[in-house]
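Same order as they appear, the protein sequences are chains A and B.
Using our numbering, the letters of the first sequence map in sequence onto residues 1 to 431.
Using our numbering, the letters of the second sequence map in sequence onto residues 432 to 965.
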Amino acid sequence: MPKKEVSLEVTQLDNFVYDMSRCIKCKGCYWVEHTYMPGIKFSTRCPSNTWNDFDSYGAFGKMRIGTAVAEGKLKWTPKLLEILYADPLCGACDVGCKRNLDLEIELCLEALRVKAVKDGAGPMPAHKKVAQNIAKNHNQFGSPHENRKKWLTSDIQVAPKADVLYFVGCSASYLNPEIAHATAKILNASGTPFMLMPDEWCCGNTLFSVGMIDEARALARRNIDAVKATGAKTLVTSCAEGYRMWKVDYPKILNMATQDLGFKVMHLLELADAMVQKGALKLAKPVEARLTYHDSCSISRLADPWTPWKGERGWMGTVSPRLKRRRGTEGLYAQPRNILNAIPGVRFVEMPRTRENAFCCGAGRGTKEAFPQLASFSAKNRLEEVRAVGAEVLVSACPWCKNNFAQAAKETGNHLKVMDISEIILASLRG
Amino acid sequence: MAIVKEAYKALEAVVGPEYLSDDPAVCEGYRSGPGGYEAGCGYERVMTKIPGTVILPRTTEDVQKIVKVCNRYKVPYVPYSTGFYGPRSHCHVENELLVDLKRLNDFEIDEKHFYAVVGTGVIYSPLQEEAMKRGAYVVIGGGGAQASVVANLIGDGWSPLSHRIGLPHRRILGTEVVLPDGELLRLGSLAVGDDPFWGDGIGPDLRGLLRGYTGLRGCLGIVTKMAVKLLPFQPERLVPTGISPNTTLALPEKRVKWINYQMPNKEAQVKAMFEIGKAEVGGAVTKVPLFWRTIAKAECKEEFWELWGKENENTIKNFHIVRVLFIGFTSEEQMQYDEKVVDDIMKELGAIARPTKPSDESWIKNADSAGMWLMCGSYMSVDYVIETLSQATVHGESYAELKKKYTPPLMPDYGDPGWFQSFELGHQGYSEFLIYWDQDEDTTGVDHFYVDTAKMNIKNRYYTSLLGPHQPLYLTGPKYGPNYHEWLLKVKEEFDPLWVCHPPVPLAHDVFVEKAEWMKPIKDWESRKITKPQ
Numbered sequence: 001m002p003k004k005e006v007s008l009e010v011t012q013l014d015n016f017v018y019d020m021s022r023c024i025k026c027k028g029c030y031w032v033e034h035t036y037m038p039g040i041k042f043s044t045r046c047p048s049n050t051w052n053d054f055d056s057y058g059a060f061g062k063m064r065i066g067t068a069v070a071e072g073k074l075k076w077t078p079k080l081l082e083i084l085y086a087d088p089l090c091g092a093c094d095v096g097c098k099r100n101l102d103l104e105i106e107l108c109l110e111a112l113r114v115k116a117v118k119d120g121a122g123p124m125p126a127h128k129k130v131a132q133n134i135a136k137n138h139n140q141f142g143s144p145h146e147n148r149k150k151w152l153t154s155d156i157q158v159a160p161k162a163d164v165l166y167f168v169g170c171s172a173s174y175l176n177p178e179i180a181h182a183t184a185k186i187l188n189a190s191g192t193p194f195m196l197m198p199d200e201w202c203c204g205n206t207l208f209s210v211g212m213i214d215e216a217r218a219l220a221r222r223n224i225d226a227v228k229a230t231g232a233k234t235l236v237t238s239c240a241e242g243y244r245m246w247k248v249d250y251p252k253i254l255n256m257a258t259q260d261l262g263f264k265v266m267h268l269l270e271l272a273d274a275m276v277q278k279g280a281l282k283l284a285k286p287v288e289a290r291l292t293y294h295d296s297c298s299i300s301r302l303a304d305p306w307t308p309w310k311g312e313r314g315w316m317g318t319v320s321p322r323l324k325r326r327r328g329t330e331g332l333y334a335q336p337r338n339i340l341n342a343i344p345g346v347r348f349v350e351m352p353r354t355r356e357n358a359f360c361c362g363a364g365r366g367t368k369e370a371f372p373q374l375a376s377f378s379a380k381n382r383l384e385e386v387r388a389v390g391a392e393v394l395v396s397a398c399p400w401c402k403n404n405f406a407q408a409a410k411e412t413g414n415h416l417k418v419m420d421i422s423e424i425i426l427a428s429l430r431g
Numbered sequence: 432m433a434i435v436k437e438a439y440k441a442l443e444a445v446v447g448p449e450y451l452s453d454d455p456a457v458c459e460g461y462r463s464g465p466g467g468y469e470a471g472c473g474y475e476r477v478m479t480k481i482p483g484t485v486i487l488p489r490t491t492e493d494v495q496k497i498v499k500v501c502n503r504y505k506v507p508y509v510p511y512s513t514g515f516y517g518p519r520s521h522c523h524v525e526n527e528l529l530v531d532l533k534r535l536n537d538f539e540i541d542e543k544h545f546y547a548v549v550g551t552g553v554i555y556s557p558l559q560e561e562a563m564k565r566g567a568y569v570v571i572g573g574g575g576a577q578a579s580v581v582a583n584l585i586g587d588g589w590s591p592l593s594h595r596i597g598l599p600h601r602r603i604l605g606t607e608v609v610l611p612d613g614e615l616l617r618l619g620s621l622a623v624g625d626d627p628f629w630g631d632g633i634g635p636d637l638r639g640l641l642r643g644y645t646g647l648r649g650c651l652g653i654v655t656k657m658a659v660k661l662l663p664f665q666p667e668r669l670v671p672t673g674i675s676p677n678t679t680l681a682l683p684e685k686r687v688k689w690i691n692y693q694m695p696n697k698e699a700q701v702k703a704m705f706e707i708g709k710a711e712v713g714g715a716v717t718k719v720p721l722f723w724r725t726i727a728k729a730e731c732k733e734e735f736w737e738l739w740g741k742e743n744e745n746t747i748k749n750f751h752i753v754r755v756l757f758i759g760f761t762s763e764e765q766m767q768y769d770e771k772v773v774d775d776i777m778k779e780l781g782a783i784a785r786p787t788k789p790s791d792e793s794w795i796k797n798a799d800s801a802g803m804w805l806m807c808g809s810y811m812s813v814d815y816v817i818e819t820l821s822q823a824t825v826h827g828e829s830y831a832e833l834k835k836k837y838t839p840p841l842m843p844d845y846g847d848p849g850w851f852q853s854f855e856l857g858h859q860g861y862s863e864f865l866i867y868w869d870q871d872e873d874t875t876g877v878d879h880f881y882v883d884t885a886k887m888n889i890k891n892r893y894y895t896s897l898l899g900p901h902q903p904l905y906l907t908g909p910k911y912g913p914n915y916h917e918w919l920l921k922v923k924e925e926f927d928p929l930w931v932c933h934p935p936v937p938l939a940h941d942v943f944v945e946k947a948e949w950m951k952p953i954k955d956w957e958s959r960k961i962t963k964p965q
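What follows is the structure, given as structure tokens:
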């Protein structure tokens, strides 16, 4: 059988025809992994297909649709675009498939969006507005660029030059200054000198996520060059989406390996956990609360580092050279739990769906902008789980999750407190 | 292409516009192939269509109304629970309505009487978890933990745990079936009241109508609700551990344990199954194909082929494992007793015990059928028999011999005779023969092999499960009946005179052979002219 040249580049949908055509409808993408199946409640992990029951909204339906698109058998229509974009690309389908089949589901979905944009059909109007905001003001929300550092207060020590660079991101800069503030205070408390980018711009998460790869690539180049110019050895984020963008998607769209970025990418969770283990960060003040933790997708199942690959697919679908599949095993699963369990007074309780089985908040990757009803549905679904375990505080490590959960809690009249993990850490540091 | 406008309007009145669609993108998601069980074969390419319309009912009443609309407007329809069972559970004719049953997901459990009532949208792993929370368990069929409980019990419903629990039809209790014309049939004790506890009811047992030997694949109505018997388990929790893909259930070693026994030869392997059955011990007693172990060992598809390439006919021939699951149903002492009994049997037979990790990766909660596609990308079980142990254990060897003629395109497996095991404490034996191939190759050989296996079964007088709707009815029916096919068609015509319920099943394989030019060389049987909807 003749071999076919393939790569993992999402700019070519043809690279993923094999993956799309080998979906078997086992729905590993949809159900919580069966070993961890918690029972009749909370049994699914796909927000899109839980929100809309037609098969087409599940990855198994989208693989069939994707095959038809690749073969030119299905035209772009508003319904097709809805199916494609009403999806937070949370990676649950990807790790679910890689339990048994190793199909590159996440890349298929990304490549479909890239094709939608290239064909002039995508993205959704709300995404185009975000793109305009980024082009004009370098942030997602259209806020004045000069306000980006407004969160910074005089009690925070920022070094003019340091090994560590804190990339704040649009959300923490404009919507969630409490996260930026807490993160900076934690870095100060741990004795980690840090600097900020001289002129921080949006990471481009939404651009890449909705398929605007050219715009995202331009931002990636600009941002990487800007970090390199500072001489930083480590870039720290407090945003899960930003973390994934820097660690995984920049290398992906620039066809390079994560390890070749020239600096290390860390989430605050990793740094704080290491500092607590070393004794540099003392979590001494009790936080008396029953807490649960939500694994944000981009620091968990989507967080495996990127390595470019190209080669050949041949007999029985085998590829050469050997491909190390990204299966979501390198997510930050232990760190947040270590931290929360180290805080005196905390009564930590797990939800039924945790780690790679977590149910996405539904906000990320262009979903909340274009399909707020899906984002709201997804967050409310997760809040039912929080209620089921009797937690008083829901902790996450991403401003997108925090904001979406907080809004959903408010809409449902739920008295649950939603906090970022940086705020919890800070609360335990203050004497 | 959509169904007629009047029918669409009538259906919309049943479920509302939110749960009905004829949009091409929505319908495309319900395409059978190109991947999946039996997909990529001729049957899938020739016999399956994209639905004209998809509907998502919520209740039995919804289903009844939908079916009545279909009869009124002569709209063909197919019931669909998870879509996992490949082409045979998808649309076969143009402008067909696909009735997606996933919203029929009601679930009740009766802890006192140990049964659960499930809708068609309920799958196995949540049921198993709910059962285990209450000290009970069910058999998760080989179809996988993601299979619809109802669909699997209608069709298959067995696994290695069937050594203890037995055949699926014994576990089907009170059941609701919407007949092909929309009438509601209540089976078992549901026929006389609301208590579904008894599978047997007044009058003739009509479970055969929905199930037959291994199910009629949706051509005789739609099951909407079923009470399923639960069996007592042991009380300790099986704890999920690990991160996907390396997840497992940690077993409480004094109450649940797997042991692999390496047997000196095939005779000892079969004898061990008989003796363990006679002693009435063990929770599962099975032999598995060697390549399943290789799948479990390999980190990826490429490593599988690297490892598998080191095997040969001799290593396969000399691979005689009996895998035994011990369960302390009543106490730790009971499990110790079971283990000692099996040890005695195995000592006499010259076996060596190979203790395994105290964990379960597949069968108790996660029946891992999806892993079957890793190696080649395409898979189906061409046959399974429930026979005596002596018959079942030689069945696979005949298959392996026939398979040589069709390799390639079938996967090189060095003559592996498949999977066999004890059922119902050795009173019955089970054999399943699985094939794998790459659907990008010419699959004519796969299509021929499938039909050739029916001829082989007829010749060797194996009473196989894949009769009737799974093979050309006019090939198998006269040989197994001699009028099995005629009766099956009479039953179909009696209950579904318009043939609107999943046409042209049970004649679908006959139609396929008629339509596919490449099947002509293998057709050497007589069949009547097929006039029903195609």
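Where is the CB? At the ideal position from N, CA and C, for every residue including glycine.
- Taken in chain order, the members of the region 659 to 684 of chain B whose beta-carbon sits within less than 7 Å of a beta-carbon on chain A are Pro-671, Ile-674, Ser-675, Pro-676, Thr-678, Thr-679, Leu-680.
- The three-state reading of DSSP puts Thr-761 of chain B in coil, since its state is none of H, G, I, E or B.
- Note on geometry: alpha-carbon atoms of Glu-330 of chain A and Leu-302 of chain A lie some 9 Å from one another.
- CA-to-CA, the gap between Ala-798 of chain B and Gly-572 of chain B works out to about 7 Å.
- Near chain A, meaning a CB-to-CB distance below 7 Å, the residues of the region 482 to 503 of chain B are Val-485, Leu-487.
- The three-state secondary structure of Gly-605 of chain B, taken from DSSP, is strand.
- Within the same chain, and ignoring the five residues on either side of Thr-672 of chain B in sequence, the residues whose Cβ sits closer than 8 Å to its Cβ are Thr-678, Thr-679, Leu-680, Ala-681, Ser-790.
- Out of B:Tyr-468, B:Tyr-867, B:Ala-622, the CA that lies nearest to the CA of Val-608 of chain B is found in B:Ala-622.
- Assigned with DSSP and collapsed to three states, Phe-943 of chain B falls in helix.
- Of the residues assessed, Arg-595 of chain B falls on the buried side of the cut-off, its CB having 16 or more other CB atoms within 10 angstroms.
- The Cβ of Val-95 of chain A sits closer than 7 Å to at least one Cβ of chain B.
- Chain A places a beta carbon closer than 7 Å to that of Pro-465 of chain B, counting this residue as a contact.
- Annotation note: the region 315 to 379 of chain A contains the following uninterrupted alpha helix (DSSP H) runs of length 4 or greater, listed N- to C-terminal: 334 to 342, 367 to 370.
- Where His-267 of chain A is concerned, the enclosing beta strand (DSSP E) starts and stops at 264 to 267.
- Per the DSSP secondary-structure output, Phe-167 of chain A pairs in a beta bridge with A:Thr-237.
- In the three-state DSSP reduction, Lys-285 of chain A falls in the coil class, being neither helix nor strand.
- The beta-bridge partner set that DSSP reports for Phe-864 of chain B consists of B:Asp-814.
- From the listed residues B:Gly-857, B:Tyr-894, B:Pro-903, the smallest Cα separation to Tyr-911 of chain B is found for B:Tyr-894.
- With respect to His-933 of chain B, Val-494 of chain B sits apart: the two C-beta atoms are not nearer than 7 Å.
- A distance below 7 Å separates the beta carbons of Met-704 of chain B and Leu-820 of chain B.
- Taking a beta-carbon distance threshold of 7 Å, Lys-380 of chain A does not count as an interface residue toward chain B.
- For Met-63 of chain A, the uninterrupted alpha helix (DSSP H) run begins and ends at 59 to 70, by DSSP.
- Taking 7 Å as the CB threshold, Leu-112 of chain A stays off the interface with chain B.
- Taking every protein chain shown into account, the CB of Lys-62 of chain A has 16 or more other CB atoms within 10 angstroms, so this residue is buried.
- For Asp-454 of chain B, the chain A residues whose Cβ falls inside 7 Å of its Cβ are Lys-79, in order along the chain.
- Inclusion of Met-694 of chain B and Ala-782 of chain B in the CB contact set at 7 Å is warranted, their separation being smaller than that value.
- Three or more beta-carbon pairs separated by less than 8 Å link the region 574 to 588 of chain B to the region 510 to 520 of chain B, which places the two stretches in contact.
- Close to Gly-808 of chain B, with beta-carbon spacing below 7 Å, are these residues of chain A in chain order: Arg-22, Met-316, Gly-317.
- Arg-617 of chain B counts as buried, since at least 16 other C-beta atoms from the protein chains shown sit within 10 angstroms of its C-beta.
- The beta-carbon separation of Ile-425 of chain A and Ala-272 of chain A, rounded to 6 Å, stays under the 8 Å limit for a contact.
- Taking a C-beta cut-off of 8 Å against chain A, the contacting residues of the region 556 to 568 of chain B are Ser-556, Pro-557, Leu-558, Gln-559, Glu-560, Glu-561, Lys-564, listed in chain order.
- Less than 7 Å separates the beta-carbon of Cys-807 of chain B from that of Trp-868 of chain B.
- For Phe-854 of chain B, the uninterrupted beta strand (DSSP E) run begins and ends at 850 to 854, by DSSP.
- Counting along the chain, Leu-416 of chain A sits inside no beta strand (DSSP E), nor does DSSP assign it H or E at all.
- Against chain A, the CB of Phe-515 of chain B has a partner CB under 7 Å away; the residue lies at that interface.
- Listed by position along chain A, the residues whose Cβ is nearer than 8 Å to that of Ile-653 of chain B form an empty set, because the closest Cβ is around 17 Å away.
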